[in-house]
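Participant: Shown below is the structure under consideration.
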Amino acid sequence: MKHGTMILAAVSVVLLSAVIAAAQDAPINKEQFEKQLGEWLPGMGKEKIPERRDSQQKLQEVCFKVGAPGREKDRAVVCEVLAEALGTDMPGPTRIWLLKQLQYTGRDECVDAVAKSLGDKDDHVRDAARRALANIPVKRANDALLDRLSASQGKFRVGLINALGYRADPASVGPIAKLLGDKDQATAAAAANALGKIANADATKALGAALPKAPKALKGPFADAYLRCADKMLKEGKTKDAAAIYNQLSGDGYPKAVRLAALQGKLNAARGKNK
Amino acid sequence: MSATRQITRRGFVRGAAATVAAPWLVPGSALGADGGTPANDRIVMGAIGVGGRGSGDMGGLMGFKEVQMIAVCDPVPAHRERAKGRVDGHNKNKDCSMHSDFREITSRDDIDAVMIGTPDHWHAIITIDACKNGKDVFCEKPETLTIGEGRAMVKAVRRYSRVFGGGSQRVLGDYGTLPRRVRGRAVGEIRECFVACGGPSKDCYLPAEPLPKGLDWDMWLGPAPWRPYHPNLTRGGFRPFRDYSGGGMTDWGAHRFGSAMFAIGVHKEGPVEVIPPDGKDVKLLTFIFKNGLKMYHGGTGNLKYVGTDGELPGSDKQPQGDVEIEGYRGRGLLGDFVESVKQRKPAFRDIEIAHRATTVCHLGNIAYWLKRPLKYDPVKEEIVGDPEANRWIDRPKREPWTLEV
């Protein structure tokens, strides 16, 4: 009898696990998820960091699941609810955790809420929002970053430029190019780097025009970005255009490392190779 | 002004100043008269990240007569002070400079190469910065935190024609004759391989602790998301945590997956599929390569190869003919780096190979976190058909840091 009881218990555990697993894979009901999130939210921002684990991980588990192919509707429901929650009053750590989930799972439905967090008084929240927008693969996320650019300054502005460079959207070239002449050298260097990542024809042209006017301290970053544009051209088969840039950068007035890289580029162009 | 000045390789390279017609007295040491290495053959280095492992590598590099260590960098004062003491003792002077910001080392004209022993989340940024400043790089494993970083590092190393050596001495060192025997088809064609290492990384829930005086926490964190200080993180305990490292998957995985891929000959490729255990049919995380090779996480205590003609270890079979281990220049992994710098040739654990090995580890982590199979394009280096999983290929960095490549 005891043996039979044990078997029955084991079977029940297996069945219960299957039911729970199936429930987790069931379509997400918005009201139920809102209720569930409401139960988890207080734990996510607890003052003692170890006490945040349980509720944060439960939310993340859901986000990881609904990010799977074929679960777009569930993903959108979850992220809508997270975006709505972002609009309510909650501690910084909670906001940051929600933004982290949206960084990897959010799309169009959350852009407005995330963008609003770019203006949060807590700079860690602002940074989390910036990183989320950098990684949300919709055009409106790029627009949201661009919208903040002109009003921003200092480290945050550099961060916005970096996020735009990360996204490498050609639509960012115009606004970023205007910052190549910024009196803050960190801003100008970040702008050059971002253009070097986009590396399309407009970015190349902007860098080419700015390079002769760049102060000595910025010659290296600007030249490096310009080099990357040349490398991209070479890869696209625009050998002559690439060679012209390599030729320019192998001349006097550039850091030794840039001249060496440009020389290598010239050799690659001559051999018809691309990196 | 001193009547004597050392004429160095760098002095000549700088041009006219070194060739002024003035009476130079050249110390014998510059020419290697006292048994030292002539200045022109010296590799002057800076060590960036000199905690536990980093200081070990620093010491190992100083053991080569060609290497002259002159600067150390670490945001933890105790680490850099201890490292300076060691360097000064070795050099028999007090000239080693100390820094908290790596850029003070990478921007120096008198430094040829850097050793990077920081936590993983810094490896890419410092490597790329070093390359852009004309420095060769020895970088501890795991060489990358993300797949995107790895490719960025490859681009920078190639663009600036730098030597990059990755820190996986275990690829050859731990496994004796195994790589040669596998390469030499001692057990035929390898169909399966089992690799032991720890599990995936996870989020960090260490409590906040008071920040020790003088510790530059902002610099330690660098590109990683902000969190309060905890001493475990600066004492080598960062490894389990996703923001700084890849857990056991990249810790011993960088060695063992790297070793397995090298031995089998797929070290310049990548898998096309990654399947996490599902509690049913798939017992072990499985990587599938284009040629059908299956590589498993686990199922052994170390490394195991299953070939068409037997298994290794567990067989006495020897390679069929001579087997060359390409790219290895001898003298151990650090010596291989030193020789590669001297010969201007790719190191044994060149950045492309390091990147491919750590890519496998990162893909494993992503599959474990998301608990679903992934299809991967090793040429485009993208996760295919799963846009949300593909967002883990790289990560935006905390301001003001970014990858500059």
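Chains P and G, in that order, are what the protein sequence lines are.
So the first sequence is numbered by my numbering: it starts at 1460 and just counts up by one.
So the second sequence is numbered by my numbering: it starts at 325 and just counts up by one.
Idealized CB from N, CA, C, for every residue including glycine.
Predicted model only: the values in this text are computed from it and were never measured.
Please state if the CB of P:L1693 and the CB of P:N1727 are separated by a distance shorter than 8 Å.
Facilitator: For the purposes of this step, residue 1727 of chain P is identified with residue 268 of the first sequence, where counting begins at 1. For the purposes of this step, residue 1693 of chain P is identified with residue 234 of the first sequence, where counting begins at 1. Result yes, Cβ atoms of P:N1727 and P:L1693 sit closer than 8 Å.
Participant: Using a cut-off of 7 Å between C-beta atoms, extract the partners of G:N313 located in chain P.
Facilitator: Beyond the ends of chain G as shown, which are 325 and 729, falls residue 313 of chain G; an answer cannot be given.
Participant: If you measure between the beta carbons of G:I588 and G:C685, is that distance less than 8 Å?
Facilitator: The count along the second sequence starts at 1 and reaches residue 588 of chain G at position 264. The count along the second sequence starts at 1 and reaches residue 685 of chain G at position 361. No. Outside cutoff.
Participant: Going by DSSP, what residues sit across from G:L609 in a beta bridge?
Facilitator: For the purposes of this step, residue 609 of chain G is taken as the residue at position 285 of the second sequence. G:L609 pairs with G:H621.
Participant: Measure from the alpha carbon of G:A437 to the alpha carbon of each residue in G:R715, G:K695, G:K666, then state which is nearest.
Facilitator: For this step, residue 437 of chain G is matched to residue 113 along the second sequence. The shortest C-alpha separation from G:A437 is found at G:K666.
Participant: Quick check on this structure: which residue in G:R486, G:F565, G:V481 has the alpha carbon closest to the alpha carbon of G:G522?
Facilitator: Translated into the one-based positions of the second sequence, residue 522 of chain G becomes position 198. Closest option to G:G522, Cα to Cα, is G:F565.
Participant: Sorted by chain position, which residues of the same chain lie with C-beta nearer than 6 Å to G:A346's C-beta, five sequence neighbours on each side aside?
Facilitator: On the second sequence, residue 346 of chain G is found 22 positions in, with the first residue counted as 1. Unreliable placement is indicated for G:A346, whose pLDDT of 40 sits below 50; no coordinate value is reported for it.
Participant: Let's see if you can read the secondary structure: which residues bound the alpha helix (DSSP H) around P:L1708?
Facilitator: Sequence index remark: in the first sequence, residue 1708 of chain P carries index 249 (1-based). 1698 to 1708 is the span of the alpha helix (DSSP H), which, as asked, contains P:L1708.
Participant: Which chain P residues sit within Cβ distance under 7 Å of G:P711?
Facilitator: For the purposes of this step, residue 711 of chain G is taken as the residue at position 387 of the second sequence. Correct list: P1596.
Participant: Smallest Cα separation from P:A1702: which of P:A1689, P:G1710, P:D1711, P:Y1713?
Facilitator: In the first sequence, the residue the question calls residue 1702 of chain P occupies position 243. Among P:A1689, P:G1710, P:D1711, P:Y1713, the Cα nearest to that of P:A1702 belongs to P:A1689.
Participant: Figure out for me which residue from G:D433, G:G616, G:A681, G:K641 has the closest Cα to the Cα of G:S583.
Facilitator: As a working mapping, residue 583 of chain G is identified with position 259 in the second sequence. G:S583 has its Cα closest to that of G:A681, out of G:D433, G:G616, G:A681, G:K641.
Participant: Between the C-alpha atoms of G:L530 and P:E1510, what's the straight-line distance to the nearest angstrom?
Facilitator: Counting from one through the second sequence, the residue named residue 530 of chain G turns up at place 206. Counting from one through the first sequence, the residue named residue 1510 of chain P turns up at place 51. Cα to Cα, G:L530 sits roughly 10 Å from P:E1510.
Participant: Alpha helix (DSSP H) containing P:G1618: first to last residue?
Facilitator: Taking the first residue of the first sequence as position 1, residue 1618 of chain P is located at position 159. 1613 to 1626 is the span of the alpha helix (DSSP H), which, as asked, contains P:G1618.
Participant: Does the distance from the C-beta atom of G:V461 to that of G:S664 stay below 8 Å?
Facilitator: Here the question's residue 461 of chain G lines up with position 137 in the second sequence. Here the question's residue 664 of chain G lines up with position 340 in the second sequence. Their beta carbons are not under 8 Å apart, which means G:V461 does not touch G:S664 by this criterion.
Participant: Give the DSSP-derived three-state secondary structure of P:K1532 in the structure shown.
Facilitator: Locating residue 1532 of chain P in the first sequence gives position 73, where the first residue counts as 1. The answer is helix: DSSP assigns P:K1532 an H, G or I state.
Participant: Have a look at the DSSP bridge pairing and note the partners of G:G589.
Facilitator: Here residue 589 of chain G corresponds to residue number 265 of the second sequence, with the count starting at 1. According to DSSP, G:G589 bridges with nothing at all.
Participant: Quick one: list the residues of chain G neighbouring P:N1652, beta-carbon separation under 9 Å, in chain order.
Facilitator: Translated into the one-based positions of the first sequence, residue 1652 of chain P becomes position 193. Going along chain G in sequence order, the residues near P:N1652 (Cβ under 9 Å) are T726, L727, E728, V729.
Participant: Leaving out five residues on either side along the sequence, give the residues of the same chain with a beta carbon under 8 Å from the beta carbon of G:R715.
Facilitator: On the second sequence, position 391 is the one that residue 715 of chain G refers to. So no residue of the chain qualifies.
Participant: For the segment 469 to 496 of chain G, list every residue whose C-beta sits within 8 Å of some C-beta in chain P, in sequence order.
Facilitator: Those would be K479, R482, R483, Y484, S485, in chain order.
Participant: How would you label G:L385, buried or exposed, when you count the other beta carbons within 10 angstroms and need 16 or more for buried?
Facilitator: Translated into positions along the second sequence, residue 385 of chain G becomes position 61. Answer is buried; the Cβ neighbour count reaches 16.
Participant: Can you tell which of P:K1507, P:A1527, P:W1499, P:G1529 has its C-alpha closest to the C-alpha of P:Q1515?
Facilitator: In the first sequence, counting from the first residue as 1, residue 1515 of chain P sits at position 56. Answer by Cα proximity: P:W1499.
Participant: Would a C-beta distance cut-off of 8 Å place G:P547 and G:Y700 closer than the cut-off?
Facilitator: Translated into the one-based positions of the second sequence, residue 547 of chain G becomes position 223. Translated into the one-based positions of the second sequence, residue 700 of chain G becomes position 376. No, the Cβ-Cβ distance between G:P547 and G:Y700 is not below 8 Å.
Participant: What would DSSP say about G:R668, mapped onto helix, strand or coil?
Facilitator: Residue 668 of chain G sits at position 344 when you count from the first residue of the second sequence. G:R668 falls in the coil class under three-state DSSP.
Participant: Using the Cα positions of G:A476 and G:H447, report the straight-line distance between them to the nearest angstrom.
Facilitator: For the purposes of this step, residue 476 of chain G is taken as the residue at position 152 of the second sequence. For the purposes of this step, residue 447 of chain G is taken as the residue at position 123 of the second sequence. Each residue's alpha carbon lies about 11 Å from the other.
Participant: Use the C-beta contact count for G:D419: other C-beta atoms within 10 angstroms, 16 or more gives buried, fewer gives exposed.
Facilitator: Reading the second sequence from its first residue, position 95 is the one you call residue 419 of chain G. Burial call: exposed.
Participant: Out of P:Q1491, P:A1630, P:I1635, which has the shortest C-alpha to C-alpha gap to P:S1611?
Facilitator: For the purposes of this step, residue 1611 of chain P is taken as residue 152 along the first sequence, with counting starting at 1. Cα-wise, what sits closest to P:S1611 is P:I1635.
Participant: Is there a Cβ from chain P that is less than 8 Å from the Cβ of G:Y692?
Facilitator: In the second sequence, counting from the first residue as 1, residue 692 of chain G sits at position 368. It does not: the Cβ of G:Y692 has no partner Cβ on chain P nearer than 8 Å.
Participant: Inspect the CB distances between the segment 1563 to 1580 of chain P and the segment 1525 to 1544 of chain P and report whether three or more fall short of 8 Å.
Facilitator: A contact exists between the segment 1563 to 1580 of chain P and the segment 1525 to 1544 of chain P.
Participant: Between P:D1690 and chain G, is there a C-beta pair that is closer than 8 Å?
Facilitator: Here residue 1690 of chain P refers to the residue found at position 231 when the first sequence is read from its first residue. It does; some Cβ of chain G falls within 8 Å.
Participant: Looking at chain G, is there any beta carbon in it that lies within less than 8 Å of the beta carbon of P:D1586?
Facilitator: Residue numbering aside, residue 1586 of chain P sits at position 127 when the first sequence is read from its first letter. Closer than 8 Å to some Cβ of chain G, the Cβ of P:D1586 qualifies, so yes.
Participant: Please determine if the segment 504 to 514 of chain G and the segment 631 to 651 of chain G are in contact, where contact requires at least 3 C-beta pairs separated by less than 8 Å.
Facilitator: The segment 504 to 514 of chain G vs the segment 631 to 651 of chain G: in contact.
Participant: Could you work out which residues of chain G lie near P:T1698, taking near to mean beta carbons separated by less than 7 Å?
Facilitator: By one-based count along the first sequence, residue 1698 of chain P stands at place 239. Within chain G, no residue comes near P:T1698; the closest Cβ sits about 17 Å away, beyond 7 Å.
Participant: By alpha-carbon positions, which one of P:A1627, P:K1664, P:F1615 ends up nearest to P:I1657?
Facilitator: Numbered from 1 along the first sequence, position 198 holds the residue referred to as residue 1657 of chain P. Checking every option, the nearest Cα to that of P:I1657 belongs to P:A1627.
Participant: Note down the Cα distance separating G:A371 from G:S379, rounded to an integer number of angstroms.
Facilitator: To locate residue 371 of chain G, count along the second sequence from 1; it is residue 47. To locate residue 379 of chain G, count along the second sequence from 1; it is residue 55. Roughly 8 Å separates the two Cα atoms.
Participant: For P:R1534, which residues from the same chain have a beta carbon less than 7 Å from its beta carbon, with the 5 sequence-adjacent residues on both sides left out?
Facilitator: One-based indexing of the first sequence puts residue 1534 of chain P at position 75. These residues qualify, in order along the chain: V1525, G1526, T1564.
Participant: The ligand NAP and G:M439: does any heavy atom of the ligand fall closer than 7 Å to the residue's C-beta?
Facilitator: Judged by which ligands are present, the structure shown has none, so any question about the ligand NAP falls away.
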